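Q: Each residue of the sequence shown is one higher than the last, beginning at 1037 in this note's numbering.
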Amino acid sequence: MLRPHLANLFAVHDPDSAALDETRRELERGGEFARVWHSAPGWVAAVAPLPGSSPDDKLVRQHQLAFAEGRDVLLERSGKDPAARLREIMELVDLSPDRLATLPGDFGFIRFRANGDATVVRSCGGLVPFYLKQSENRWAISTRLEYFVRYLSEKPKLDALSNALWASSWPTFADGRTPLKEVKILARGSFARIEKKVTTGRYWNPRPERIHYPTEREAHEHARRLREILIEKLQRDLDPRGGNLLTLSGGVDSSSLCALAAGVLGFKVWTWSLLPPKEHEKAYRHDLSYIEPLRKQYGVEKYWEVVLPKGRAVEFWRKGPRMVFHVLHPALCSLPDVLKEAEVKVLFGGEYADNVCGSSFTIPDWARHLSLLRLLTDVKEVFRAPKDPAKWLKQRLSFLRGEPQMPIPENLLTASLTDGKPFEFFSPQVIEEYREWFERQKKRLLDDRMPWRYLALDSEIMDAFVTMNWEACSHFGIRRSLPFFTRELFELTFSCHPVELYGGGVKKLIRRALVNDVPQRNLFRADKGAGAGRGQMISGTRDFIRSFKEPFPVKALPEELRGIIREEWFDSSPKELEYWQYRPLMRLLIFVESLRERQG
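Structural data, given as structure tokens:
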């Protein structure tokens, strides 16, 4: 049974025909690609479709295209003659790539040309990433970092800033830099033209020039559209035969997906839940009280309850997949154990719903677009949330002072996020690089005059979270569905006024949309639960952190970490580490171990 098209791609351009032929033989010997072919003069390409997808057929290859996602929407569902549709896509890519947003849905592909040039197009939702690397006159394009390590002859080097950020448990590609040096990631909704040099451009910008306070009819229509988008996404992504694993915290967002998938659409759903340590029995029972009723109501046959080790995110990371990527999400790290018990076909969850449906992340945009007069005259809203005027004033003043709320911490590389303790091992050069990058992002936010500036920057920074999910899930042949991080959802949210999401409470948009679908206790839950949000990646308990001490994990730091770690640590490292130092250092060591394994 064919599903929506998803595939990994790897392509290499080399003017040396003998070297190119050897690359093709290496790709064929690897055994993981369903098809390896010369896609254009000077190019060899390989495709590894996910289960339920098929390689591009002869007609697509004749038009010198290779799809990673969206082929089914662009071709099979267009109602047009396939050959005519492919010519239309080719002409858009070659002549007007900035108009690619006129095509429907989320799509990602490579367009090769007879003169040896190529254009890479990444989807607006960005599920399948595209990485680019140039070494002299050789180009490589990949949807997984691992392919650069396994199939290129150059010894991989680590990018200092990128690895420091990921080691700090914050998934971010600063300036498009990835954990591998000289490998850049293409931004969502963008294209890259590879000629003698690479040029990039955006074809999709969902932000309007202005927004207005909504009428009741418009607010109702936006809520109706949200429900429609979520149902269409789940209906398209989930497998009707089962194997659909939901990360369920019992909070508003994951509960909503459970109700829609299992209740409205009738799919068989399994659940994976991250629960507080049993030492915190009250919190443990509290979370379970939201999860168990859902499982019973919607007939969940298989479920996994993972108890959060007391402050020990490192234990999750050790169990995670060994691959050329930092895997931080506990659910992704649990996949090897889950797959021993059941065949997971789709992993889906409510990630990023906070940002596009209303939460504290909405406050900066809400304060900017809500006038003081309307704030104070809307008596019902002020009565329900008396602290809102103070929040509004705080945001306005912080912007006037030139210190706006940012989507990423300023002290990320200098102090622990969980306890504020100073780091001691990141190199001064990396810390300075981060400071300069952070200041540039702050200036972008201050200079931005378009609506939804905070959400726009946050979605760009958190794009790396989506990439991490693709890397880990496709490693196991699992499809990843992120219903709240899609082209359609962003276009809807950016068309809303922030008061439709926040003000007098949070999650206003999703609560209005699904009031007749989701059990009321879950839909109007006030707290988020242990397994929800960004806390999944930076979780820790203060009492544990204060008491934790661990022996230094290696006799000597690996050479790959030079430039990331202070030089003096290579000569004289401490005998034991406290938790805020142990965790990021272990993240780096696990990544280096994985890198060496994949090279082998």
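All C-beta atoms in this analysis are idealised placements derived from N, C-alpha and C, irrespective of residue type, glycine included. Note that the structure is a prediction, hence the values are computed from the model and not measured.
Among Lys1430, Leu1453, Leu1436 and Ala1508, which one has its Cα closest to the Cα of Gln1358?
A: The residue labelled residue 1358 in the question sits at position 322 within the sequence shown. Going by the sequence as given, residue 1358 is Arg instead of Gln. Among Lys1430, Leu1453, Leu1436 and Ala1508, the Cα nearest to that of Arg1358 is on Ala1508.
Q: Going along the chain, which residues of its own chain have a beta-carbon closer than 7 Å to the beta-carbon of Asp1211, five neighbours each way excluded?
A: Working through the sequence shown from its first residue, we reach residue 1211 at position 175. Same-chain partners within the cutoff: Trp1473.
Q: Using the rule of at least 16 other Cβ atoms within 10 Å of the residue's Cβ for burial, across every protein chain shown, is Thr1413 buried or exposed?
A: Looking up residue 1413 in the sequence shown gives position 377. Looking at its Cβ environment, which holds fewer than 16 other Cβ atoms inside 10 Å, Thr1413 is exposed.
Q: Report yes if the CB atom of Leu1101 is closer than 8 Å to the CB atom of Ile1125, and no otherwise.
A: Indexing the sequence shown from 1 puts residue 1101 at position 65. Indexing the sequence shown from 1 puts residue 1125 at position 89. Yes. Within cutoff.
Q: I need the DSSP call for Ile1221, collapsed to helix, strand or coil.
A: As a working note, residue 1221 is residue 185 in the sequence shown. Residue state, collapsed to three classes: strand.
Q: Alpha carbon to alpha carbon, how far is Gly1302 from Glu1105?
A: Along the sequence shown, one-based indexing puts residue 1302 at 266. Along the sequence shown, one-based indexing puts residue 1105 at 69. Whole-angstrom Cα-Cα distance: 26 Å.
Q: My output table needs one value for Val1535: the three-state DSSP class, helix, strand or coil.
A: What you label residue 1535 is simply residue 499 of the sequence shown in a count that begins at 1. If DSSP states are grouped into helix, strand and coil, Val1535 belongs with the helices.
Q: Pull up the DSSP beta-bridge partners for Ser1517, would you.
A: Here the question's residue 1517 lines up with position 481 in the sequence shown. According to DSSP, which records beta bridges pairwise, Ser1517 is partnered with Phe1384.
Q: Glu1379 to Gly1279, Cα distance in whole Å?
A: For the purposes of this step, residue 1379 is taken as residue 343 along the sequence shown, with counting starting at 1. For the purposes of this step, residue 1279 is taken as residue 243 along the sequence shown, with counting starting at 1. If you take the alpha carbons of Glu1379 and Gly1279, they lie about 6 Å apart.
Q: So His1256 is in the beta strand (DSSP E); what residue range does that whole segment cover?
A: On the sequence shown, residue 1256 is found 220 positions in, with the first residue counted as 1. His1256 -> not in any beta strand (DSSP E); alpha helix (DSSP H) instead, spanning Glu1252 to Asp1273.
Q: Would Pro1486 be called buried (16 or more neighbouring beta carbons within 10 Å of its own) or exposed?
A: For the purposes of this step, residue 1486 is identified with residue 450 of the sequence shown, where counting begins at 1. Before going on, a small fix: residue 1486 reads as Met here, not Pro. Exposed, by the Cβ-count rule.
Q: When the Cβ atoms of the stretch 1119-1137 are set against those of the stretch 1504-1518, are three or more pairs found closer than 8 Å?
A: Touching, no, given that fewer than three Cβ pairs across the two stretches are closer than 8 Å.
Q: Hey, is the stretch 1493-1506 in contact with the stretch 1249-1257, meaning 3+ C-beta pairs nearer than 8 Å?
A: No contact exists between the stretch 1493-1506 and the stretch 1249-1257.
Q: I'd like the span of the beta strand (DSSP E) that includes Trp1240, first residue to last.
A: If you number the sequence shown from 1, residue 1240 lands on position 204. Segment: none, Trp1240 is in no beta strand (DSSP E) and carries neither H nor E.
Q: For the beta strand (DSSP E) that Lys1611 lies in, which residues bound it at each end?
A: One-based indexing of the sequence shown puts residue 1611 at position 575. First-last for Lys1611: undefined, no H or E at that position.
Q: With distances taken from CA atoms, which of Asp1092, Asp1142, Gly1141 and Glu1341 is nearest Asp1118?
A: The count along the sequence shown starts at 1 and reaches residue 1118 at position 82. Looking at the sequence shown, residue 1118 is not Asp but Pro. Of the listed residues, the one whose Cα sits closest to Pro1118 is Asp1092.
Q: Relative to the alpha-carbon of Asp1142, which residue among Asp1108, Ser1370, Glu1629 and Val1072 has its alpha-carbon at the smallest distance?
A: On the sequence shown, position 106 is the one that residue 1142 refers to. Closest by alpha carbon: Asp1108.
Q: Short check: CB of Asp1153 to CB of Ile1230, under 8 Å?
A: By 1-based counting over the sequence shown, the position of residue 1153 is 117. By 1-based counting over the sequence shown, the position of residue 1230 is 194. The answer is yes: Cβ separation under 8 Å.
Q: Please state whether DSSP places Arg1071 in a helix, a strand or coil.
A: The count along the sequence shown starts at 1 and reaches residue 1071 at position 35. Here Arg1071 sits in strand by DSSP.
Q: Does Ser1396 pass the burial test, meaning 16 or more other C-beta atoms within 10 Å, or should it be called exposed?
A: Here the question's residue 1396 lines up with position 360 in the sequence shown. Per the 10 Å Cβ criterion, exposed.
Q: For Gly1066, report the span of its alpha helix (DSSP H) as first-last.
A: Along the sequence shown, one-based indexing puts residue 1066 at 30. It spans Ser1053 to Gly1066 - the alpha helix (DSSP H) in which Gly1066 sits, taken as one unbroken run.
Q: On the CB-based measure, 16 or more other CB atoms within 10 Å of its CB, does His1256 come out buried or exposed?
A: Locating residue 1256 in the sequence shown gives position 220, counting from the first residue. Looking at its Cβ environment, which holds fewer than 16 other Cβ atoms inside 10 Å, His1256 is exposed.
Q: Identify, in the order they occur along the chain, each residue of the same chain with its Cβ nearer than 6 Å to the Cβ of Gly1571, setting aside the five sequence neighbours on each side.
A: Walking along the sequence shown from the start, residue 1571 turns up at place 535. Unreliable positioning characterises Gly1571 in this predicted model, as indicated by a pLDDT of 47, which lies under 50. A coordinate reading is not provided.
Q: Check whether the Cβ atoms of Leu1613 and Asn1199 lie closer than 8 Å to each other.
A: By one-based count along the sequence shown, residue 1613 stands at place 577. By one-based count along the sequence shown, residue 1199 stands at place 163. Not a contact, by the Cβ cut-off of 8 Å.
Q: Do the stretch 1272-1287 and the stretch 1300-1315 touch if we need at least three Cβ pairs shorter than 8 Å?
A: The stretch 1272-1287 vs the stretch 1300-1315: in contact.
Q: Can you tell me which of Pro1594, Ile1600 and Leu1550 puts its alpha carbon nearest to the alpha carbon of Gln1465?
A: As a working mapping, residue 1465 is identified with position 429 in the sequence shown. Closest by alpha carbon: Ile1600.
Q: Could you give the DSSP three-state label for Arg1147: helix, strand or coil?
A: In the sequence shown, counting from the first residue as 1, residue 1147 sits at position 111. Looking at Arg1147 - three-state DSSP - the assignment turns out to be strand.
Q: Could you tell me which of Gln1441, Ala1297 and Lys1220 sits nearest to Val1336, measuring between CA atoms?
A: The residue given as residue 1336 occupies position 300 in the sequence shown. Comparing Cα positions, the closest option is Ala1297.
Q: Using only alpha-carbon positions, find the residue among Ser1495, Lys1544 and Gly1067 that is nearest to Arg1186.
A: Translated into the one-based positions of the sequence shown, residue 1186 becomes position 150. For Arg1186, the nearest C-alpha among the options comes from Gly1067.
Q: For Arg1578, name the three-state secondary structure that DSSP assigns.
A: By one-based count along the sequence shown, residue 1578 stands at place 542. Low local confidence applies: a pLDDT of 48 at Arg1578 is under 50, so the model's placement there is unreliable, with the coordinate-based value given in what follows. If DSSP states are grouped into helix, strand and coil, Arg1578 belongs with the helices.
Q: Measuring CA to CA, which of Val1343, Leu1122 and Asp1052 is closest to Ser1370?
A: Within the sequence shown, the letter at position 334 stands for residue 1370. Measuring from the Cα of Ser1370, the nearest candidate turns out to be Val1343.
Q: For Thr1522, does the three-state DSSP call read helix, strand or coil?
A: Here residue 1522 refers to the residue found at position 486 of the sequence shown. Coil, per DSSP.
Q: Are the stretch 1263-1272 and the stretch 1232-1250 touching, with three or more C-beta to C-beta distances below 8 Å?
A: Not touching, per the Cβ criterion.
Q: Under a Cβ-count criterion, where at least 16 other Cβ atoms within 10 Å of its own Cβ denotes burial, should Val1072 be classed as buried or exposed?
A: For the purposes of this step, residue 1072 is taken as the residue at position 36 of the sequence shown. Buried, by the Cβ-count rule.
Q: Given a cut-off of 8 Å on the beta-carbon distance, is the pair Arg1149 and His1049 in contact?
A: Locating residue 1149 in the sequence shown gives position 113, where the first residue counts as 1. Locating residue 1049 in the sequence shown gives position 13, where the first residue counts as 1. No; because the gap between Cβ atoms is not below 8 Å, this pair is not in contact.
Q: Skipping 5 residues on each side, what residues in its chain have a beta carbon closer than 8 Å to that of Val1551?
A: As a position in the sequence shown, residue 1551 is number 515, starting the count at 1. Contacts found: Leu1559.
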